[in-house]
Amino acid sequence: MSDMLKLKLRIWRQPEAETPGAFKTYHLDGVSTEMSFLEMLDVLNEQLISGGEDPVAFDHDCREGICGTCGVVINGQAHGPDNETTTCQLHMRRFRDGDTIIIEPWRASAFPVVKDLVVDRSAFDRVITAGGYISASTGSAPDANSIPVPKDDAEKAMDAAACIGCGACVAACKNASAMLFVGAKVSHFALLPQGKPERKRRVQSMVAQMDEEGFGACTNTYECEAACPAGISVDNIARLNREFIGAALSSDS
Amino acid sequence: MAQVTEKVLDSRAPSGPVAQQWDKHKAELKLVNPANKRKFNIIVVGTGLAGGSASASLAELGYNVQTFCLQDSPRRAHSIAAQGGINAAKNYPNDGDSVHRLFYDTVKGGDFRSRESNVHRLAEISNQIIDHCAALGVPFAREYGGLLANRSFGGAQVSRTFYARGQTGQQLLLGAYSSMMRQVAAGKVKLFPRKELLDLIVVDGRARGIVTRDLVTGKFDTHIADAVVLCTGGYGNAYYLSTNAKGSNVTASWRCCKRGAFFANPCFTQIHPTCIPTSGDYQSKLTLMSESLRNDGRVWVPQDESDSRSPQDIPEDARDYYLERRYPAFGNLVPRDVASRAAKERCDEGYGVGTTGLAVYLDFRDAIKRDGEDVIRAKYGNLFHMYEKITADNPYKVPMRIYPAVHYTMGGLWVDYNLQSTIPGLFVLGEANFSDHGANRLGASALMQGLADGYFIIPYTMGNYLASNSLSRVSTDHPACKEALIEARNRVEAILKVNGSRSVDSIHRELGHIVWNQCGMSRNEQGLTQAIESIRALRDEFWSNVKVLGMGEEFNQNLEHAGRLADFLEFAELLARDALHRKESCGGHFREEYQTAENEALRDDEKFCYVAAWQHNGAGAEPTLHKEPLSFEEVPLATRSYK
Chain A
1 MSDMLKLKLR IWRQPEAETP GAFKTYHLDG VSTEMSFLEM LDVLNEQLIS
51 GGEDPVAFDH DCREGICGTC GVVINGQAHG PDNETTTCQL HMRRFRDGDT
101 IIIEPWRASA FPVVKDLVVD RSAFDRVITA GGYISASTGS APDANSIPVP
151 KDDAEKAMDA AACIGCGACV AACKNASAML FVGAKVSHFA LLPQGKPERK
201 RRVQSMVAQM DEEGFGACTN TYECEAACPA GISVDNIARL NREFIGAALS
251 SDS
Chain B
254 MAQVTEKVLD SRAPSGPVAQ QWDKHKAELK LVNPANKRKF NIIVVGTGLA
304 GGSASASLAE LGYNVQTFCL QDSPRRAHSI AAQGGINAAK NYPNDGDSVH
354 RLFYDTVKGG DFRSRESNVH RLAEISNQII DHCAALGVPF AREYGGLLAN
404 RSFGGAQVSR TFYARGQTGQ QLLLGAYSSM MRQVAAGKVK LFPRKELLDL
454 IVVDGRARGI VTRDLVTGKF DTHIADAVVL CTGGYGNAYY LSTNAKGSNV
504 TASWRCCKRG AFFANPCFTQ IHPTCIPTSG DYQSKLTLMS ESLRNDGRVW
554 VPQDESDSRS PQDIPEDARD YYLERRYPAF GNLVPRDVAS RAAKERCDEG
604 YGVGTTGLAV YLDFRDAIKR DGEDVIRAKY GNLFHMYEKI TADNPYKVPM
654 RIYPAVHYTM GGLWVDYNLQ STIPGLFVLG EANFSDHGAN RLGASALMQG
704 LADGYFIIPY TMGNYLASNS LSRVSTDHPA CKEALIEARN RVEAILKVNG
754 SRSVDSIHRE LGHIVWNQCG MSRNEQGLTQ AIESIRALRD EFWSNVKVLG
804 MGEEFNQNLE HAGRLADFLE FAELLARDAL HRKESCGGHF REEYQTAENE
854 ALRDDEKFCY VAAWQHNGAG AEPTLHKEPL SFEEVPLATR SYK
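Heads up: the sequence lines are chains A and B, in that order.
Numbered continuously in this note's numbering, the first sequence closes out at residue 253.
Numbered continuously in this note's numbering, the second sequence closes out at residue 896.
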């Protein structure tokens, strides 16, 4: 049976990118511990609408932890207190009656605020455009079993490919570095034979774009790994560094 | 009740033996000269598996592609949430699979309401999809020798499902997304994220563009092209609670329907048997637990309806493994529609478990005893983790509680063999069309279809369309563009003007209740008639009492939701109407009046062996029913039996 919580919410409100924002306080009663965090925000929004106040804007879509659309900073932690959990999968049983919860958008200059808790993460798409792919045109592939992939490599590639592109790594990093995101994509392809032909060009081009977007440098504090809802390991950052140095030292160009 | 035309809808499927049709058709399709491809502009709407793969492969050919999605990034469409896998007829496990068997299973699984020619093509293409996705770096599961692993899935008696842990949809989607981004880098795809289609522009009877609203600024725009490819998914959110993403909607399909594209078989909706049950009335969506779990989990309820012991304490002889009892040949692996109805039947009879009584157990005790916890963790770890996160129960120790939920919609815009709708130049791919799954989709077939359409069919049929028609130049000043733009804008303004007292969400929930209760897992004439009345009344309520705050020219999520709900309120009536007209039970469409003595679906092939394609005749007017007769030459019509 569920318990009911009474909460005080301090939420970042910002009408649009160019207008300064501020925290606003709301009181919310009757929050079931069975609710997800976003369902709690739904309930708040229904309350705001009925009182004639603009509902809180937040991004969300699949609500099952895989699309990477949602993500807010909850009491200073990206996606809140639970390990390997997106905001939509966080449940209110994690909170206590009478708690104050502070809710903010991702904070990073590469992720400008669109409205309230919504940010613009198109920088990630541009980093992928710079080289986060294997150039195989439709129709040209050989039989799938003609290229065996050692199981361990396939598993490691899958570990890296599990990144959901939510941006929590950037939000959690004091430098707003995107090394975990970029490392995951570079690793995914570098570990597979299919990704080998383009690996040097890929890593150089993606890192250049990452810098261009204004993401910061990595100082090995591992906050990114702690915040990552998909369990992406910082080993991928080490691999990114190796790939990058290897490409720089041996590049043909 | 509805007007019925005598004119038969032509699928334009090639003649000859079904196994040779696609090859023959490809040889006959006209080609666009490589140098001319760059002169054509194509709009793709939606960036799921179908839209992502279509954008990539059309751009690779040299067309100029403009791709639209309503998410902030084209990597997020709901294909990403597909868990279990993708079918292909590779027969790597040497267990007797073939293109013909995959074709046969899909036609039978669809309860003989799909088009044989399309399904055969799908089965043929399935193998190329796996090859292509492996080449794109999709990290499929592998055996120790480095070759691809397979599992059996969703009612198949062969192991033909390829998978990437429980995240197959995610990995396939990221593969399509990455090839599309490669084309963005090449300058062949231009991306328009956070843009919603609000109307189709039809010039001289052909689809020539779209009207969009920018979801950040609220600005309306018109975009012109030589053809439009709709890849906008299904309409499961008509039920409010479904496994769909919150943003999934029928707006793009419905607006095209209002412009002349026929809507086929809207009543064919899939209720998935293994979802996490609801916990309260604030519930915003339902979460699917992949049906791959039914490979190792056993479904049961207590034999005694008053048995209130916790499940671990209920001994073997007090459990009713009702799927194994009713369907000894397929057991826990019966198709989705059969498993869902069986769960509903047990719960309706009072044997349901959990606080609401609307759940059955899915138990891994025996599998863990047999294979060990590590093996089960390796197969389903992420699903167990997700289950525990939502319910706070540990499924390694306590059986999961599951209940059916709306998951997929087989119906969609009618398309011919070339995937072209009844509006020339408007092509419809993936879940948004109706073509391949008949009245019930088999597991691991949606990913296959989305990618078949996008990677391997539209590149051929689009070329044929462009090469066969001389298209006049159209500019955004054309009266049809201006008219569509004004209509879309007026509609948004009309919503803002209502200024009533009910929230969008509360009306959407009410719609969901109506459709779920009267047009859900089982349907009858009285309920459907009532549903139509209730939907109409609720539509009036929306237009007289909805409350949407803010303005049109800004980021306004409530306004987006209101616009989509307005379309669901019109579309849901067609869904109920289609269900009312189809006086038979087949696949996901179960009419209580038409069942066997053992409560199995009773098809009526004499009267209903056709695709029902509905033509919109304006708001409030009766739609016209067009019929595409279905003939089964390779797979003889038979009663599905999983006993």
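For every residue, glycine included, the Cβ atom is placed at its ideal position computed from N, Cα and C.
Check                                                                                                                              : Outcome
Min CB distance PRO889 of chain B to chain A below 8 Å                                                                             : no
For ASP573 of chain B and GLN556 of chain B, the rounded distance between their alpha carbons                                      : 5 Å
Alpha carbon of CYS600 of chain B to alpha carbon of ASN852 of chain B, nearest angstrom                                           : 15 Å
Helix, strand or coil at PRO882 of chain B according to DSSP, with G and I counted as helix                                        : strand
Contact set between the region 808-826 of chain B and chain A, restricted to residues whose Cβ is under 8 Å from the partner       : PHE808, GLN810 and ASN811
Residues bridged to THR25 of chain A (per DSSP)                                                                                    : A:ARG10
Straight-line gap, ALA388 of chain B to ALA697 of chain B (C-alpha atoms, nearest Å)                                               : 20 Å
Exposed unless 16 or more other CB atoms sit within 10 angstroms - verdict on ASN798 of chain B                                    : exposed
Element boundaries [alpha helix (DSSP H), containing ARG789 of chain B]                                                            : 778-798
Residues of its chain near CYS88 of chain A, where Cβ-Cβ distance is below 8 Å and the 5 sequence neighbours each way are ignored  : SER36, PHE37, LEU38, HIS60, CYS62, ARG63, GLU64, GLY65 and CYS70
Three-state class that DSSP yields for TRP553 of chain B in the structure shown                                                    : strand
Where ILE524 of chain B sits in the DSSP three-state scheme                                                                        : strand
Within 8 Å, strictly: CB atoms of LEU375 of chain B and GLY716 of chain B                                                          : no
Neighbouring residues, chain A, relative to GLN423 of chain B (Cβ below 7 Å)                                                       : ILE66
Cβ pair count under 8 Å reaching 3, the region 187-200 of chain A against the region 42-53 of chain A                              : no
Beta-carbon proximity check, ALA230 of chain A vs CYS163 of chain A, cutoff 8 Å                                                    : yes
Alpha-carbon to alpha-carbon, ASN83 of chain A and GLU155 of chain A                                                               : 21 Å
Runs of beta strand (DSSP E) wholly within the region 595-629 of chain B (minimum 3 residues, chain order)                         : 613-616
is_contact[GLN77 of chain A, chain B] using C-beta, thresh 8 Å                                                                     : no
Bridge partners - CYS173 of chain A, DSSP secondary structure assignment                                                           : According to DSSP, CYS173 of chain A bridges with nothing at all.
Neighbourhood of PHE406 of chain B by C-beta distance below 6 Å, restricted to the same chain and skipping five residues each side : GLY337, GLY338, THR414, SER545, GLY696 and ALA697
Neighbour list for GLY398 of chain B in chain A, Cβ cutoff strictly below 7 Å                                                      : PRO148
Length of the line joining the Cα atoms of GLY486 of chain B and GLY816 of chain B                                                 : 17 Å
The region 366-377 of chain B: positions lying closer than 8 Å to chain C by Cβ                                                    : Within the model displayed, chain C is absent; protein chains A and B are what it includes.
Local Cβ density within 10 Å of PHE861 of chain B, reported as buried at 16 or more and exposed below that                         : buried
Buried or exposed by the 16-neighbour rule on C-beta atoms within 10 Å, applied to GLY603 of chain B                               : exposed
Cβ-Cβ distance between VAL442 of chain B and THR320 of chain B below 8 Å                                                           : yes
Residue-chain proximity (PRO446 of chain B, chain A), Cβ-Cβ < 8 Å                                                                  : yes
Through-space distance from LEU611 of chain B to MET1 of chain A, alpha-carbon basis                                               : Confidence is the limiting factor: at MET1 of chain A the pLDDT is only 48, short of 50, which leaves the residue's position unreliable and the question unanswerable from this model.
Cutoff 6 Å; reference ASP467 of chain B; Cβ partners in own chain excluding five residues on either side                           : LYS448
Interface residues of the region 45-59 of chain A facing chain B [CB-CB below 9 Å]                                                 : ASN45, GLU46, LEU48, ILE49, SER50, GLY52, GLU53, ASP54, PRO55, ALA57, PHE58 and ASP59
Span separating the alpha-carbon of VAL113 of chain A from that of GLU18 of chain A                                                : 9 Å
Beta-carbon spacing of ALA480 of chain B, GLY304 of chain B below 8 Å                                                              : no
Proximal residues of chain B, C-beta to C-beta of GLU39 of chain A below 8 Å                                                       : TYR535, GLN536 and SER537
Residues that ASN145 of chain A contacts on chain B, provided the C-beta gap is smaller than 7 Å                                   : TYR345, LEU400 and LEU401
Min CB distance LEU192 of chain A to chain B below 8 Å                                                                             : yes
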